[in-house]
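Residue numbers (the working numbering): 3 to 313. For each residue, glycine too, the CB sits at the ideal point set by N, CA and C. The structure displayed is predicted, hence computed values, not measured ones.
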């Protein structure tokens, strides 16, 4: 059996992984970043940058990645990685999905969750009844979420109301807040599953990919490789639906905690019921308390102050 070894930098390693992603193996030897298993060649890429090619086609495959030809192939693979695979193909990959809740609710935080679902677990997670959290009742969320959280690696970031109001008062748009929170949550989960690397990272789209990364320009760490921003992403890959449910579950827990802390029930949404609840808080606890439980720039604050003054 022929053996060939090449030395690869991070760009070439990413290109190799993307090129062979349909034949990646779930079994990794010690120190490996990823492994490829085909009938004619086995490829093992190590954290040191060494890439070992073994088998009948070892020389042929290794040659693809050497010299100028290898550099050109890596560049082409990098360009292709910015465009998502077909939804049918994407649905079968081991992927991280990311979604957020709370952005349209006057009371409560913004919660971003990310979940990693690998190929062997896709069917099992789907069988739990996983779908977009907006299609599920709170009772269903509370029933399904713990089972998901016990099954798949995940990470959560909570932006509480005090921090949200500070960011908003600096002029930061909510879209940038979401971009920062998604990136930080993805970084957490990438660390959790390391040395495994996801074949795709899918964000439920709230911005075009280019705008998303522009908002992250000042971040010290940016999760960039294989990131796709897709509309209705929960219908593309089960990991996004799982993240949506986890985020909603944590949001509901945070709302219950805030209600206990304030001593009054906090409704979801931003309608007339919310105006009344905020007015009640102002009368009972004072306007200052809203800073700890509400998104102050919403129109509900002005409406609640008017209601509170009338009574």
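Could you tell me whether the Cβ atoms of residue 46 and residue 114 are closer together than 8 Å? It is not a contact, given that the beta carbons lie outside the stated cut-off.
By how many angstroms is the C-alpha of residue 212 removed from the C-alpha of residue 317? Residue 317 cannot be examined here, being either before or after the span of the chain that is shown, 3 to 313.
Secondary structure, beta strand (DSSP E): runs of 3+ residues fully inside the stretch 91-150: As for any beta strand (DSSP E) of minimum length 3 sitting wholly inside the stretch 91-150, the runs are 97-103, 112-119, ordered along the chain.
In terms of residue numbering, what span does the alpha helix (DSSP H) encompassing residue 283 cover? Start and end: 274-287.
Assign residue 32 to buried or exposed, taking buried as 16 or more other Cβ atoms, counted over all protein chains shown, within 10 Å of its Cβ. Residue 32 should be labelled exposed.
Report yes if the C-beta distance between residue 92 and residue 225 is below 8 Å; otherwise report no. Their beta carbons are not under 8 Å apart, which means residue 92 does not touch residue 225 by this criterion.
Using three-state DSSP, classify residue 189 as helix, strand or coil. The answer is helix: DSSP assigns residue 189 an H, G or I state.
Going by other Cβ atoms of all chains shown within 10 Å of its Cβ, with 16 needed for buried, is residue 29 buried or exposed? Answer is exposed; the Cβ neighbour count stays below 16.
Shortest alpha-carbon distance to residue 143 belongs to which of 221, 55, 288, 245? For the set 221, 55, 288, 245, the Cα lying nearest the Cα of residue 143 is the one of 245.
Report the residue ranges of all beta strand (DSSP E) runs contained in full by the stretch 202-281; include only those spanning at least 3 residues, in chain order. Counting only runs that start and end inside the stretch 202-281, the beta strand (DSSP E) elements of at least 3 residues fall at 202-206, 229-232.
Within the continuous beta strand (DSSP E) that includes residue 45, where are the two ends? In this chain, the beta strand (DSSP E) harbouring residue 45 covers 44-48.
Residue 193: which of 228, 181, 157, 208 sits nearest, CA to CA? Here the closest residue by C-alpha is 157.
State buried or exposed for residue 185, treating a residue as buried only when at least 16 other CB atoms are found within 10 Å of its CB. It is buried - the Cβ of residue 185 has at least 16 other Cβ atoms within 10 Å.
What residue from 51, 61, 50 has the CA that sits closest to residue 44's CA? The option with the nearest alpha carbon to residue 44 is 61.
Hey, residue 228 and residue 202 are a contact pair by Cβ (cut 8 Å); roughly how many whole angstroms apart? Beta-carbon to beta-carbon, residue 228 and residue 202 are separated by about 5 Å, close enough to satisfy the 8 Å threshold.
Where DSSP assigns a beta bridge to residue 9, which residues make up the other side? Beta-bridge pairing links residue 9 to 52.
What first and last residue would you give for the beta strand (DSSP E) that runs through residue 35? According to the DSSP assignment, residue 35 belongs to the beta strand (DSSP E) that extends over 34-39.
Say whether the stretch 162-176 touches the stretch 93-101, bearing in mind that this needs 3 or more beta-carbon pairs closer than 8 Å, one atom from each stretch. No, the stretch 162-176 does not touch the stretch 93-101.
Does the contact criterion of 3 or more C-beta pairs under 8 Å hold for the stretch 260-279 versus the stretch 122-132? With a cut-off of 8 Å, the stretch 122-132 and the stretch 260-279 do not count as touching, because too few Cβ pairs lie within range.
Integer-rounded CB distance, given that residue 35 should sit under 8 Å from residue 49: Sure, about 6 Å apart at Cβ, within 8 Å.
Using a beta-carbon distance below 8 Å, is residue 39 in contact with chain B? Absence of chain B from the displayed structure is noted, only one protein chain being present.
Only counting the same chain, and skipping five residues up and downstream in sequence, which positions put a Cβ closer than 6 Å to that of residue 251? If we look at residue 251 and ignore the five residues flanking it on each side, its Cβ neighbours are 143, 147.
Measuring straight from C-alpha to C-alpha, what distance separates residue 155 and residue 311? About 49 Å.
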